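Residue numbers (the working numbering): 17 to 1013.
Heads up, the beta-carbon is just placed ideally off N, CA and C, and yes, glycines get one too.
The structure presented is a predicted model; accordingly, all values stated were derived computationally and were not measured.
Notes follow once the structure below has been shown.
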Amino acid sequence: MGDFHQQGSVTTLHQLSRRPIEEIEGELVEFGKSKPMALILPSLFSELEGEALPNIVDELTHVPYLDQVVIGLDRADEDQYRHAVQFFERLPQDHRVLWNDGPRLRKIDAMLQAHGLAPDQPGKGRNVWYMFGYVLATNKAQAVALHDCDITTYDRSMLARLIYPVANPNFTYRFCKGFYARVAQNTLNGRVCRLLVTPLLRALKSVCGSTPYLDFLDSFRYPLAGEFSLGREVIEDIRIPSDWGLEMGVLSEMHRNHATSHICQVDIADTYDHKHQDLSLDDKAKGLSKMSMDISKSLFRKMATQGHVFSTEKIRTIKATYFRIALDLIEQYHDDAVINGLKHNRHTEGEAVESFAENIMMAGQDFLEKSMETPFMPSWKRVISAVPDVMEQLVEAVELDAREFGPKEVISLSSSSNREAQRLHHRVHQIVAELYPGDSADDLTDNILLSAGIGQDLLPARPNLVKWTESDAIVISYGDSIIREGERPLQTLRAILDEELGDAISGVHILPFYPFTSDDGFSVVDYHAVNQELGNWADIKGIASEKTLMVDVVLNHCSASSEWFQNFLKDESPGKDYFVHTDPSADLSQVVRPRASDLLHEVETSDGTKHVWCTFSHDQVDLNFKNAEVLLEFVRILREYVSHGVKFFRLDAVAYLWKKVGTSCIHLEETHSIIKLLRLLVEAMDQEAVLITETNVPNLENLTYFGNNNEAHLIYNFSLPPLLIHALLSGEERHMKSWLMKMPAARLGRAYLNFIASHDGIGMRPAEGVLDHDEIAGLLTTLQAFGGEVSTRLKDGEERPYEVNISLYDAFRGTIQGGPDQHQLERFIAAHTIMLALEGIPAFYIHSLFGTENDHELYAETGRKRSINRHRWDHDKLKAKLADKESHHHKVLEELKRRIEIRRKQAAFHPNATQYTLHCGHGIFAFWRESLDRSQSVFVLNNLSSKETEVSLVELNLTNTEKWCDLLVGGCLLPDQDTLVLPPYGSAWLSNQGATP
């Protein structure tokens, strides 16, 4: 057990008690929610066959707080890399093996060599440098630990204590060095530290004088420990040696870049042992001899940068001083060993000192002859500056290695002793057997789980886990909704989210950012790539690191220009059986259509003429999920998106997924089965994952996508936009009240996604059966008068209204009865105020937040009606509009942000809080929300008319024992107040808590 003595300039964290590991890990799990953690393991292939590494991996399988494990594999051929991937497969954490000797990483290394930026020699330093780069590139961790793979006395408490100081958000440490007593097998070990580093530091102090740098190094109890942890911000700037001077070089960099108050050392083990290096007396290029020379040179180099001048005579003096100090230390170590009953051989220790003294002299001479040598590898910040896409190249190389050379076999989860793994295997098997009766359900189940990257160590499923709170709000945006010259649009978007929206928005739905050919992204060419005109995966991950990220899984169809479809035309794989095609004479009369275009499109293939199914357009060809290979492709896509930090998965147009001639081909049982399967898989990949179904259909049909709490976590509240817009344009609350009274409360673990505007138009199908024919016609006529366009679909051979394409701000120019008026801004704010208060999670189209108007110029340019509501803002023009306090853009954003901020603080606005419809008279839409713990009530009152309206408070039955205040204006009701006056399109949120007079 260590003492509590603090020595030197570096804080020492001792092991003063036997604190249970479960207690420390429990804290680390909590820390990980705000500060995700990673472990990097520099490994030789030979260590996979040793006794230490298998035990280390066994211990790591029980570590609950790591978000990422990165293994750097050196000296391995292709077969050995395959073996390594399988060796580490049992790690439950997200992990990757960097095959440093593989062709892809060698290609990157050669490219960096051409820039003069690559490590100049193989070894642990080079390995660690590339792993640092990969950690930065994947952007999954803020605290990173490193330890060796040859620790024979390893247990997981070492890692917990090592990473704790930099993971604890209440500590200020950016770097932590592990230390321990090098005692094992009844022997005092650690010769290089005891007999070289300590006496050499003291010799340098004696000859060159004491310096802050030497005092800093001498403060460490075991400066050569290969175990340390550091923050992500440290990794970006650090330069490390590529030779045996790694550990000393890292300490030197920490001294150069950071205050000692941000550096500490921690006791991580009572006993520690690892592979012992040979002293190598006869070969100075090997073993401890080479290590001692590299360390000595690293110290000479560092001292020289601080102004110390070395000569042969001075180095000879340092050697002599070192020799005397080291010999004295041998006696001290001998006495320490004797009192503890340890073995100690003065003769072999003396031989080591003599060898080290000679090596110090040789290292000094080498330093003098090569004083211009640059042994440090450059910082990753410098590398990125020279090669901006190096991070993407690095991640892509590692992923392609894993995909191409990784193991092709999987151990069936059915044989796992983990009950959760058995349950998952059983449930996937059930669905697979029903969907693909002609295939081997056992093999297909295993292939699905392999494609998903799901191992045997699964946490218990939590079907009712609530993954949202009242503080959540989502913004919907294209990657290039805001553009700035000279900057990647995704970077511009990230800046706008930070500068203009800040904490008001918790999540962002970036509309399809993949390479595409039409439909503004929804005709995907390559699901694994980011459209280069928008940015790259690093930009996506950057946004995901700050906001909860939602992406589109466009799984009903893909682009006719995709590799899959081009292979289909050539009857080649992958793709030859990936698409739906049918005989044009087949009975397709029942098929429900969202468009007015022809359903089938004739194409010429190497196998003759075929008619492919195109639900949306002839450039968007429907995928054939009856072919299990298509399913496997999308499972792999989901896995990749999880690895990029995606949490919310929007299943685009999923209602049309499964085709069966003679049916409506919408909402089929097989489609629901696919959704159930995808939910099982994404939750096994990440318990925090959320599945969202995009089904623009009438309300009762839409609700079926909750399933039996086993399909979508969220469903879009598609009825809200047309009904709310109609209510505010007509002044009529009746249909909103009727709809709301019929809406079932979403059970815990699922919720509604409320929105009024999106990248598409205002869908009219969800209004069917609620608004009558004349009401729909009146609404369409009004919106067309306000600059909107109507898109149609086919129904019984006739074109029917499908959606209205208009910016939401312009949709509120006036009323159905009176036309344009002066209340546009008030109506617009009222609509969002209602949305914010309703049960569910609010989602804002980015153009609604900015009050963007119709873009008829873009519509004229593209010929697509949806372009009206897909304006691209110039960054500087947008910022100017938002800064102008007289512009409606400024007023919209500031007032919506204010109301979002109010909502975030009210427990009664939790997405699953109780909701009841109230009856408060004509033109008033009102409802009551109550928090899950029943402590807060909020009465939501909304005036839908252009006239000032008085609302009776008597009918609300407000309890006299509580003070009721309006959250929106801050004032409180008088004790005997019976009525409340709402201005035109005004709202009130009357709460029994949370407001001040």
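Identify the continuous alpha helix (DSSP H) that holds residue 366 and give its terminal residues.
362-385
Give me the Cα-Cα distance between residue 185 and residue 192, rounded to the nearest whole angstrom.
14 angstroms
Could you check whether residue 513 and residue 559 sit closer than 9 angstroms to each other, using their CB atoms as the reference points?
yes
Given this structure, state the Cα-to-Cα distance separating residue 306 from residue 144, to the nearest angstrom.
Roughly 19 angstroms between the two C-alpha positions.
Using 9 angstroms as the threshold, is the C-beta distance between residue 284 and residue 187 below it?
no
Tell me the DSSP bridge mates of residue 633?
636
In three-state DSSP terms, what is residue 319?
helix
Quick one: measure Cβ to Cβ for residue 917 and residue 520, integer angstroms, because I've assumed they're closer than 8 angstroms.
6 angstroms
Should residue 787 and residue 795 be called a contact, given that it needs their Cβ atoms to be closer than 9 angstroms?
yes
With a CB to CB cut of under 7 angstroms and the five nearest residues on each side skipped, what residues in its chain are close to residue 905?
866, 867, 897 and 898
Compare the Cα-Cα distances from residue 312 to each of 214, 452 and 286 and report the closest residue.
Looking from the CA of residue 312, the closest CA among 214, 452 and 286 belongs to 214.
Might you give, ordered along the chain, the residues of its own chain that have their beta carbon closer than 6 angstroms to the beta carbon of residue 91, omitting 5 neighbours on each side?
60 and 61
At what residue ranges does the region 536-606 contain a whole run of the alpha helix (DSSP H), taking only runs of 4 or more?
553-560 and 579-586
Three or more beta-carbon pairs under 8 angstroms between the region 484-501 and the region 515-534, yes or no?
yes
Go to residue 884, then tell me how far its alpha helix (DSSP H) extends in each direction, as first and last residue.
Run containing residue 884: none; DSSP gives neither H nor E here.
CB residue 610 to CB residue 669, shorter than 9 angstroms?
Yes, the pair counts as a contact, with Cβ atoms nearer than the cut-off.
With a CB to CB cut of under 6 angstroms and the five nearest residues on each side skipped, what residues in its chain are close to residue 36?
none
What residues are listed by DSSP as bridge partners for residue 817?
808
Mind pulling the beta strand (DSSP E) runs of 3 or more residues that sit fully within the region 703-729?
706-709
Counting Cβ pairs, one atom from each stretch, are 3 or more of them under 8 angstroms apart for the region 917-931 and the region 948-966?
Counting Cβ pairs under 8 angstroms, three or more are found: they touch.
Which same chain residues end up closer than 8 angstroms to residue 181 when comparing Cβ atoms and leaving out the 5 residues on each side of it in sequence?
29, 187, 189, 192, 245, 280 and 282
Compare the beta carbon distance of residue 718 and residue 854 with 9 angstroms and say whether it is the shorter of the two.
no
For the putative contact between residue 772 and residue 848, defined by C-beta atoms under 8 angstroms, what is the C-beta separation to the nearest angstrom?
7 angstroms
Which word fits residue 32, buried or exposed, when buried means at least 16 other C-beta atoms lie within 10 angstroms of its C-beta?
Exposed.
Are the CB atoms of residue 774 and residue 755 within a distance shorter than 9 angstroms?
Between residue 755 and residue 774, the gap from beta carbon to beta carbon reaches 9 angstroms or more.
Mind listing, in chain order, the continuous alpha helix (DSSP H) runs of no fewer than 4 residues lying wholly within the region 646-673?
none
Can you give the beta carbon distance from residue 857 to residue 488, rounded, assuming they're within the 8 angstroms contact cut?
The C-beta distance from residue 857 to residue 488 rounds to 5 angstroms, short enough to meet the 8 angstroms contact threshold.
What is the DSSP secondary structure of residue 2, counted as helix, strand or coil?
Beyond the ends of the chain as shown, which are 17 and 1013, falls residue 2; an answer cannot be given.
For residue 991 versus residue 964, is the C-beta spacing smaller than 9 angstroms?
no
So, do the region 756-767 and the region 807-818 have three or more beta carbon pairs nearer to each other than 8 angstroms?
Touching, no.
Could you spell out the range, first to last residue, of the alpha helix (DSSP H) harbouring residue 85?
Residue 85 -> not in any alpha helix (DSSP H); beta strand (DSSP E) instead, spanning 82-90.
Just list the residues that DSSP pairs residue 53 with in beta bridges.
82 and 159
In whole angstroms, what is the alpha-carbon distance linking residue 627 and residue 635?
13 angstroms
When burial is assigned at 16 or more other CB atoms within 10 Å of the CB, is residue 372 buried or exposed?
With 16 or more other Cβ atoms within 10 Å, it is buried.
If you draw a straight line from the C-alpha of residue 739 to the C-alpha of residue 148, how long is it?
53 angstroms
Please name the residue, chosen from 845, 869, 892 and 980, that lies closest to residue 1003 on a Cα-to-Cα basis.
845
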